[in-house]
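According to my numbering, the sequence shown is numbered sequentially starting from 165. The beta-carbon is built from N, C-alpha and C at its ideal position, and this holds for glycine as well. Data first, discussion second: the structure below is written as structure tokens.
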Amino acid sequence: MTPPFPENGPDASPTFDGHPLRLLKHSTPPDVLERHIAKLGNELASGSPPSEGFSWPPPAGSELERILQADELTKWDYDLFKLNELTNGRPLAAIAQGVIRSHGLVEKCGIDEQVLGRYLNAVESTYNACVYHNPMHAADVMHGTNFLLSGELAQNMPPDELLIGLISGPAHDLGHPGVNNGYLNKRSHPVAETYKNVSVLENHHVNLSLSLMDLPGMDVLGCFDDKRKGELKDMMRSVVLFTDMTKHKEMMELLQAVADEKRVLSTGRADDRVLIFQTVLHTADLGNPCKPWAIHIQWTHAIVAEFFSQGDLERGQGAELSPMCDRHENCGRTSQKNFVKFFVRPLFVLCGEVMPETLAKCTSCVTQLDSNVERWTELGF
Numbered sequence: 165m166t167p168p169f170p171e172n173g174p175d176a177s178p179t180f181d182g183h184p185l186r187l188l189k190h191s192t193p194p195d196v197l198e199r200h201i202a203k204l205g206n207e208l209a210s211g212s213p214p215s216e217g218f219s220w221p222p223p224a225g226s227e228l229e230r231i232l233q234a235d236e237l238t239k240w241d242y243d244l245f246k247l248n249e250l251t252n253g254r255p256l257a258a259i260a261q262g263v264i265r266s267h268g269l270v271e272k273c274g275i276d277e278q279v280l281g282r283y284l285n286a287v288e289s290t291y292n293a294c295v296y297h298n299p300m301h302a303a304d305v306m307h308g309t310n311f312l313l314s315g316e317l318a319q320n321m322p323p324d325e326l327l328i329g330l331i332s333g334p335a336h337d338l339g340h341p342g343v344n345n346g347y348l349n350k351r352s353h354p355v356a357e358t359y360k361n362v363s364v365l366e367n368h369h370v371n372l373s374l375s376l377m378d379l380p381g382m383d384v385l386g387c388f389d390d391k392r393k394g395e396l397k398d399m400m401r402s403v404v405l406f407t408d409m410t411k412h413k414e415m416m417e418l419l420q421a422v423a424d425e426k427r428v429l430s431t432g433r434a435d436d437r438v439l440i441f442q443t444v445l446h447t448a449d450l451g452n453p454c455k456p457w458a459i460h461i462q463w464t465h466a467i468v469a470e471f472f473s474q475g476d477l478e479r480g481q482g483a484e485l486s487p488m489c490d491r492h493e494n495c496g497r498t499s500q501k502n503f504v505k506f507f508v509r510p511l512f513v514l515c516g517e518v519m520p521e522t523l524a525k526c527t528s529c530v531t532q533l534d535s536n537v538e539r540w541t542e543l544g545f
């Protein structure tokens, strides 16, 4: 018998394999999800979201200043929970500021620092308090993106495109309601109809992030001329849309074709740069199974809890439950283990093959992933 799935919520004290599950101190009961769904597509109807929150620079000599230094931000076992604590729940704006500045992009691109701060805080404020798709996940993905790009790849990228590659992390799940595309498509939600049931949430995430840039004082791309700004926005759309899991097969085929040609992706080719950013963001988005066990299980339990929350909503509506969303049928963690083995692992392997700058990093990640899978098996999953 595998351990039962722990309860989640502010009054719960969930643990697994001897580790407290910190993301499960939160819950999204049906009434909360219904509010998220009602807000979807109307996030900016009442005006600009709050643009106050994290302020740069962090206090000199502080622990916050230390963990936002460039060498800390490229550590795979980065303590995002500590960052969340030190920023009073504003990890996304903080890590985004640290990462962008670690590459000197404020100076290289001529970014207005006040605009940058307002935009990043507004992005963080626009995320819903989902169990998984929340600012902590967006911060985790930005960290993973930076981890993979840092070094030779980042150094050889045009600075304006590197900026897009990085801020696609905070953008990639913006406004996520805590239910999936299938739920929205079945109910003909207005946002699903807008995007004709194709990559509904992914289209919404990126277009919402770009809409924030159109608000007064938030045009983080205002340092570029209109033509270049349009090109960069198109790049951002292309990058974020490839986080849709329905595009995973297409991405793997593109990467395999590169490998079969015995070539590698080059920062000197415009099309390759787009595929590099698409691959890195998608890999970072799926990267938590490669984190140390105590970190990995936080995210695994959070995504399963979010699936179960959608199932609870569907059950209350008398609707058919979506796959993997029925807490009474299975614990969900075995399916996550299989997802890791058959989707995440091959992606990291191919990433290292076609981007040799990432090979050592991806090899280390795969080693940790294999160790995590082994531990799941030992526990009966």
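Query                                                                                                                                                                                     : Result
Considering only the alpha carbon of each residue, which of THR358, PRO299 and ARG401 lies closest to LEU374?                                                                             : ARG401
In this structure, how does DSSP classify PRO184 when only helix, strand and coil are distinguished?                                                                                      : strand
Pop quiz: PRO341 and LEU197 are said to be a contact at Cβ under 8 Å. What is the actual Cβ separation, rounded to whole angstroms?                                                       : 7 Å
For the alpha helix (DSSP H) containing CYS273, list its first residue and its last residue.                                                                                              : 269-273
List the endpoints of the continuous alpha helix (DSSP H) containing MET416.                                                                                                              : 412-424
Take every Cβ of the segment 437-449, pair it with every Cβ of the segment 327-338, and state whether three or more of those distances are shorter than 8 Å.                              : yes
Run through the DSSP bridge pairs and tell me what THR179 is partnered with.                                                                                                              : PRO184
Rounding to the nearest angstrom, what Cα-Cα distance links ALA257 and LYS189 in this structure?                                                                                          : 22 Å
Short of 6 Å in beta carbon distance, which residues of its chain neighbour ASN367, apart from the five on each side in sequence? Order them along the chain.                             : TYR359
Find the nearest neighbour of GLU288 within the set ARG254, GLN261, HIS297 and VAL305, judged by alpha-carbon distance.                                                                   : ARG254
Within 10 angstroms of its Cβ, does GLN278 collect 16 or more other Cβ (buried), or is it exposed?                                                                                        : exposed
Taking the C-alpha atoms as reference points, what is the distance between GLY394 and ILE328?                                                                                             : 12 Å
Go through its chain and collect everything with a Cβ distance to LEU376's Cβ below 6 Å, but skip five positions before and after it.                                                     : ALA286 and MET382
Taking 6 Å as the limit between beta carbons, can you name the residues of its chain near LEU187, skipping five residues before and five after?                                           : GLN462 and ALA466
Contact between the segment 396-414 and the segment 492-503: three or more CB pairs below 8 Å?                                                                                            : no
Should THR431 be labelled buried (16 or more other beta-carbon atoms within 10 Å of its own) or exposed?                                                                                  : buried
Would you please state the rounded distance, in angstroms, between the beta carbons of ALA458 and HIS183? I believe it to be under 8 Å.                                                   : 5 Å
Should LEU543 be labelled buried (16 or more other beta-carbon atoms within 10 Å of its own) or exposed?                                                                                  : exposed
Between which two residues does the alpha helix (DSSP H) harbouring GLY480 extend?                                                                                                        : 457-480
Over what stretch of residues does the alpha helix (DSSP H) that includes LEU559 continue unbroken?                                                                                       : As displayed, the chain neither begins before 165 nor continues past 545, which places residue 559 out of reach and without an answer.
How big is the Cα-Cα spacing for GLN500 and TYR283?                                                                                                                                       : 34 Å
Check whether the segment 508-518 touches the segment 529-539, taking contact to mean three or more Cβ pairs, one atom from each stretch, closer than 8 Å.                                : yes
What beta strand (DSSP E) runs, 3 residues minimum, are completely inside the segment 196-278?                                                                                            : none
Please state whether DSSP places ASP435 in a helix, a strand or coil.                                                                                                                     : helix
State the Cα-Cα distance for the pair ASN252 and LEU228, rounded to the nearest angstrom.                                                                                                 : 11 Å
Short check: CB of SER226 to CB of GLY281, under 8 Å?                                                                                                                                     : no
Rounding to the nearest angstrom, what Cα-Cα distance links ILE231 and SER352 in this structure?                                                                                          : 44 Å
Could you check whether the segment 409-428 touches the segment 314-323, counting it as contact only if at least three pairs of C-beta atoms, one from each stretch, sit closer than 8 Å? : no
Let's test the definition: count the other Cβ atoms within 10 Å of the Cβ of PRO222 and tell me whether it reaches 16, buried, or not, exposed.                                           : buried
What does the Cβ neighbour count give for ARG437, buried or exposed, with the cut at 16 atoms within 10 Å?                                                                                : buried
Which residue from ASP276, THR290 and ALA260 puts its Cα closest to that of ASN206?                                                                                                       : THR290
Among LEU326, PHE245, LEU379 and LYS239, which has the Cα closest to the Cα of ARG265?                                                                                                    : LEU326
Mind checking PRO453: buried by the 16 CB within 10 Å criterion, or exposed?                                                                                                              : buried
Just reading off the alpha helix (DSSP H) that ALA483 is part of, what are its end residues?                                                                                              : ALA483 -> no alpha helix (DSSP H), and no H or E assigned at all.
Can you grab the Cα-Cα spacing for the pair ARG392 / THR527, in whole Å?                                                                                                                  : 36 Å
For ALA360, does the three-state DSSP call read helix, strand or coil?                                                                                                                    : Reading off the sequence shown, one finds Lys at residue 360, where the question assumed Ala. DSSP places LYS360 in coil when its eight states are reduced to three.
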